[in-house]
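Per the UniProt record's numbering, the very first residue in the sequence shown carries number 1; after that it's consecutive.
Reading through the structure tokens given below for one structure.
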Amino acid sequence: STYYFQTDGLLESPDPLQFYRDWIGPNKPCIIRNALSHWPALSRWTPDYLREKVGSKVISVAVTPNGFADAVNGDRFVMPEERRMSFSSVLDILEGKQQGGGVFYVQKQCSNLLDELPELTDDLQPHVSWMSAALGKLPDAVNFWLGEARAVTSMHKDHYENLYCVVSGEKNFILLPPTDRPFIPYGTYQPAVYRQRDDGEFEVVDQTGSEKVPWIPLDPLDPDLDRYPEYRRARPLRCSVKAGEMLYLPSLWFHHVQQSHGCIAVNFWYDMEYDIKYNYFQLLEALSEVTGST
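Here's what the structure looks like:
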């Protein structure tokens, strides 16, 4: 089931201590409704507004032939081509005014909202005050996401407490708890990047001299249970996060993400505590490798 924590908008936000006790401490996800209702972005961030405000800004965009960036493709872990282009060009592609010859996703996870689009920060919060109070720290990164429906985030985990806020459209998550690690297959793969040639076709170019990357080859939308039979024992949780909603995605939870076309989202990454729970997860990971769940 999906857990909901209901807020009543501007005047009420989660109590930091209570939220820590109920959700962060137990490492349990929830969707917080009405958490963004005081953000001007909810009403302002139309294509016309974004063109006027940041249309000429040059940003980093991930480009792939198939929508799968940072994912296993055969015996390679393939990362997207990172292309610098104007925000208006991205909107043109999303609106069908321009042909891109690939799948485009603004997904650079290095606090790209603050670094590349600071003009938009007045339309939201620089951090989530009650989460910052609960954790006793400010976020390490604030990221901006915008892309096509074909753009998919393959299953992985992060060492962050993640508040994922949908401004427009919808994000669809598949979540698996850290305790499902023994049922989730890992492999190690030669890293490579996509590169679009002059004729428009994409090629895969190895990153020579780079260490192999551990990644999950399984697609939770269509799991190959003959190849990965242990995954039958996993218990994925599916949830949809709609405009105005915020997903609390706890650290070390595995997640796979899809989106509606043109969905806009912002997420806040707070570094996790490397406490006894992290040590237990490391033990579980080591035991999974010993028993062959890799």
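Virtual Cβ for every residue (Gly too), placed ideally from N, Cα, C.
P185 and L218 have their C-alpha atoms spaced approximately 7 Å apart. Contact holds between the region 66–73 and the region 151–163, because three or more Cβ pairs, one in each stretch, are under 8 Å apart. The shortest CA-to-CA distance from S168 to any of D15, R44, P26 is the one to R44. In this structure, the alpha-carbon of F281 lies about 8 Å from that of L252. Distance check between T188 and each of P214, L163, F202 places P214 closest, using alpha-carbon atoms only. A straight line joining the alpha-carbon of L225 with that of A234 spans about 11 Å.
Annotated three-state conformation of Y248 is strand, per DSSP. In this model, P236 and M246 are separated by some 19 Å (Cα to Cα). With a threshold of 16 other beta carbon atoms within 10 Å, L249 meets it and is buried.
Secondary structure within the region 169–257: the beta strand (DSSP E) runs of 3 or more consecutive residues, fully enclosed, are 170–176, 187–196, 202–206, 213–215, 237–242, 246–249 (chain order). Of the candidates L283, K57, S129, G136, the residue whose Cα lies closest to the Cα of L113 is K57. In the DSSP assignment, the residues bridged to F77 are V72, P191.
Between Q190 and the set D198, P177, K53, V204, the nearest pair of CA atoms involves V204.
Residue burial annotation: Q18 is exposed, with fewer than 16 other C-beta atoms found within 10 angstroms of its C-beta. Here the alpha carbons of T179 and E289 stand approximately 14 Å from one another.
Between the region 126–141 and the region 169–178, the count of Cβ pairs shorter than 8 Å is below three; the stretches do not touch.
With contacts defined as CB atoms closer than 8 Å, P80 and Y194 qualify as a contacting pair. Excluding the 5 residues flanking it on each side, L50 has no same chain C-beta neighbour closer than 6 Å. Assignment of beta-bridge partners to S60 by DSSP yields R84.
Residue range 276–290 is occupied by the alpha helix (DSSP H) that includes I276. Taking C-beta atoms as the reference points, P47 and E119 fail to come closer than 8 Å. Of the candidates S37, M85, K28, C30, the residue whose Cα lies closest to the Cα of Q125 is S37.
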